[in-house]
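Sequence positions in the sequence shown follow this note's numbering and run 142 to 809. The beta-carbon is built from N, C-alpha and C at its ideal position, and this holds for glycine as well. See below for the structure under consideration.
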Amino acid sequence: MKKNEIQYVSLFVRTVFVYVFLIVGSVSNLYAQSTSIAEISVYADKSTYLNTPVSAVLEGITLKQHEGELQLYETTDGKENPVQSQLKPGNPDQLTWILSGETKPGSVRNFVLRVEENTQSSSDDPGVKVEDDGESLLISIGEKKVLNYRYALKDVPEGVDEIFKRGGYIHPIWSPGGEVLSRIQPPDHYHHYGIWNPWTRTEFEGREVDFWNLGSGQGTVRAEAVTEKKHGNVYGGFRALHNHIDFTGPSEEKTALNEQWEINVWNVGSEEDVWLIDFASTLNPATNEPLTIKEYRYQGFSLRATEKWNDNNATLLSSEGFDKSNANATRARWLDVNGISDVEEGKSGILFMTNPSNFNYPEQLRIWPVGTNNGEENVYINFNPAQDRDFELKSGRSYSLKYRMLVYDGTIDSTDAELFWKNYANPPRVEVQNTSLAGAKVLLYTKNGDGYVHDNIPYSIQAIEKLGEENGFEVVASEDPALFTDENLSQYNALIFSNTNNEIFDTESQRQALKNYIQNGGGFVAIHSASGSERDWPWFSQLVGGNFERHAPQQDFTVDVVNRAHPSTSHLPDRWEIENDECYYLKELNPALKVLLSADMNTVDDEGKQDFPGNLFGESFPIAWYQEFDGGRQWYTTLGHRPEQYSDPVFVEHILGGIQWVVNGVNQ
């Protein structure tokens with residue numbers, strides 16, 4: 142790529158390194174010191190994503206139940222790599238992070254959110270800082286300035302009428318290399334203020350009010366209060382309240398329109414490459430009367446650019462292919478504004494992007510065409526949702542207009558611009574699975590009938606009880622079938638059948654109680670030999686997913702992860718090497734089951750495998766799955782023959798994921 146082009150690829154590589162490097166903590170003791178509370182999958186679907194902000198709504202996850210610090214990890218090939226994230230408290234809470242690097246169409250990236258003890262922050266100094274000097278807010282990333290929001294009134298130049306004073310605007314906005322790209326109070330238009338968004342022609346209480354042209358004396362916009370300042374490693378910014386003041390009424394002045402600004406600056410990586418800034422304006426009438434933004438050629442979200450830029454050294458390019466000579470009054474999803482700069486690359490620019498949720502999207506543009514202002518100091522742009530129609534704001538309702546700015550040094554082409562707009566307009570699809578078990582209660586059932594009894598049972602009890610202690614759920618361990626009554630089972634969020642075998646119930650009423658529990662939405666976990674239980678009861682075989690037939694001799698073999706978007710498999714490598722376990726073969730498999738793991742039959746030494754399972758599933762055979770059956774949720778793993786496996790954190794995490802899924806029951 143040319144020097145004056147943005148080095149996107151290197152940015153993404155460096156960003157991944159920065160995120161991993163900055164997190165301080167040990168993954169080796171992860172399982173002893175942390176609790177998984179959510180599994181998050183991010184789907185690219187049909188688009189490529191580059192260093193994109195993503196958010197996960199933590200619906201149904203009560204963080205107050207957990208003690209410790211939140212830490213997000215990306216699971217890749219069985220390894221958990223720490224990722225910087227930022228929590229936005231609310232109802233529900235929302236977790237935000239940067240989907241770093243390139244995410245290709247059709248791919249899925251999986252994350253786990255944990256609560257950890259003794260989490261160490263990488264720095265006391267957040268990546269995105271907001272500093273308040275009593276008149277304005279300065280937002281920086283590291284030591285580099287991004288933008289300045291002035292809320293105090295700005296004095297006018299000497300000799301200029303004080304009616305042109307105002308606050309509530311962004312200036313300066315800097316490029317990553319330090320070039321100032323905005324301008325305020327130019328002599329040709331003293332009412333121009335960097336990045337700002339007043340309305341020119343409005344109707345309020347039957348009167349026409351102009352909030353844009355301050356010299357008319359009809360109205361102004363006041364920054365009343367900064368209501369929130371946000372700092373963080375992922376993003377920082379602020380919220381501010383602006384009031385649109387009407388001077389035309391019978392009283393001296395009246396607030397006609399309330400507006401909330403929300404600015405978020407994203408820390409997408411290196412200080413040297415790009416700024417990513419989200420701007421949102423939320424409008425609501427301040428009285429019981431509506432306010433109508435009337436059709437007019439210029440008003441709304443605008444930039445008055447640096448005085449350096451003119452017809453000869455600045456370019457504009459819209460999403461529809463129009464430029465500075467012909468883009469005026471055309472519609473655009475994005476607009477790239479670029480011009481000369483004192484940075485090393487020689488040019489800097491801002492890519493403006495509009496959101497599909499905006500009124501009259503894609504808005505029409507107001508730009509100063511070639512020749513305006515005698516061709517000098519004449520870069521001005523405006524996204525106007527009311528250029529060709531009225532925009533009525535009804536009392537009691539809120540209306541939001543959203544935009545994103547990509548600020549850069551060098552140049553970008555239309556392909557890059559289109560991709561960045563797609564990332565903004567169609568963010569990745571995010572699915573959250575609640576894996577928190579806090580407050581849950583499970584029955585751990587270990588009954589065996591006549592026949593072989595596994596010596597791993599006490600070890601499985603110990604492991605699951607430890608999981609309960611670490612994850613906040615109660616475990617009641619028993620081999621008493623008398624516990625299987627409708628009344629007793631109703632207290633449990635899940636039943637865990639660990640290495641049960643042969644006939645495990647004494648009466649039909651006990652079997653019916655299990656069936657009723659499942660049909661009422663209960664969760665069911667089965668481990669290893671549980672598939673050999675109640676072999677003459679077809680319903681139970683369907684519940685487990687199949688009926689035990691036999692197993693290969695105890696040996697090492699290889700397991701393939703078929704579905705990684707599940708809490709029981711997201712931590713596993715693509716090929717999991719199993720040590721000295723039994724490869725189970727089941728018959729009467731329930732067609733409703735969804736396979737999670739399969740044994741690579743090429744790695745299984747078994748003289749009888751040609752007879753069964755033969756080529757039933759080709760060169761593999763299912764060994765772990767989940768399903769929704771008869772109203773309930775079920776998960777089963779055939780693994781776990783040796784007692785030592787119940788002290789293996791990888792295998793125990795596999796079981797924990799199964800418990801999490803049946804308790805929380807999010808469909809995959």
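- The DSSP-derived three-state label of Lys750 is helix.
- The beta carbon of Thr341 sits closer than 8 Å to the beta carbons of Asp351, Phe352, Trp353, Asn354, Tyr437, Tyr439 and Gln440 from its chain, once the five residues preceding and following it are set aside; these are given in chain order.
- Rounded to whole angstroms, Phe638 and Pro246 show a C-alpha spacing of 40 Å.
- When only Cα atoms are considered, Ala473 and Ser460 end up about 6 Å apart.
- With contacts defined by Cβ atoms closer than 8 Å, Val415 and Leu560 do not form a contacting pair.
- When DSSP reads this structure, Pro194 sits in a beta bridge with Ile239.
- Three or more pairs of CB atoms, one per stretch, sit closer than 8 Å, so the region 799-806 contacts the region 563-578.
- Per DSSP, Gly773 is one residue of the beta strand (DSSP E) stretching across Gly773 to Thr778.
- Leu424 and Glu320 have their C-alpha atoms roughly 32 Å apart.
- Here Ser196 is near Val571, since their CB atoms are less than 8 Å apart.
- The continuous beta strand (DSSP E) containing Thr217 extends over residues Glu210 to Thr217.
- Non-local beta-carbon contacts of Asn499 in its own chain, meaning distances under 7 Å to residues more than five positions away in sequence, involve Pro526, Leu542 and Lys543 in chain order.
- For Gln786, there is no enclosing beta strand (DSSP E), as DSSP marks it with neither H nor E.
- A straight-line Cα-Cα distance of about 14 Å links Val685 and Asn643.
- Apart from the 5 residues on each side of it in sequence, Glu504 sits with its Cβ closer than 8 Å to the Cβ of Gly441, Arg472, Ala473, Thr495, Phe524, Asn525, Pro526 and Gln528 in its chain, given in chain order.
- Secondary structure at Gln696: strand, using DSSP grouped into helix, strand and coil.
- Arg652 carries a helical assignment under DSSP once its states are collapsed to helix, strand and coil.
- In this chain, the alpha helix (DSSP H) harbouring Ala566 covers Ser555 to Ala566.
- Runs of the beta strand (DSSP E) spanning 3 or more residues and lying entirely within the region 428-475 occur at 432-434, 442-445 and 455-459, in chain order.
- In this structure, Ser711 sits away from Met742, with a CB-CB distance that is not shorter than 8 Å.
- The continuous alpha helix (DSSP H) containing Asp627 extends over residues Asp627 to Leu630.
- Pairwise C-beta distances place the region 702-711 out of contact with the region 659-669, as fewer than three of them are shorter than 8 Å.
- The Cβ atoms of Ile386 and Leu457 do not sit closer than 8 Å to each other.
- In the DSSP assignment, Asp273 forms a beta bridge with Leu278.
- Taking C-beta atoms as the reference points, Ile181 and Val700 fail to come closer than 8 Å.
- Secondary-structure assignment with DSSP links Pro223 through a beta bridge to Tyr214.
- By the neighbour-count criterion, in which a residue is buried when 16 or more other Cβ atoms sit within 10 angstroms of its Cβ, Phe753 is exposed.
- Note on geometry: alpha-carbon atoms of Leu534 and Ser277 lie some 30 Å from one another.
- Scanning the region 292-322 for uninterrupted beta strand (DSSP E) segments of 3 residues or longer gives 310-314, listed from N- to C-terminal end.
- In this structure, DSSP gives Ser498 a state outside helix and strand, which the three-state scheme calls coil.
- Taking 8 Å as the cut-off, the beta carbon of Trp315 is found no closer than this to the beta carbon of Leu279.
- Judged by DSSP in its simplified three-state form, Leu727 adopts strand.
- Residue pairing by DSSP places Ser177 opposite Arg255 in a beta bridge.
- Residue environment analysis places Lys395 among the buried positions, since at least 16 neighbouring C-beta atoms fall within 10 angstroms of its C-beta.
- Leu417: member of the beta strand (DSSP E) spanning Val415 to Pro426, first to last residue.
- Shown here, Tyr658 sits in a helix according to DSSP, grouped into three states.
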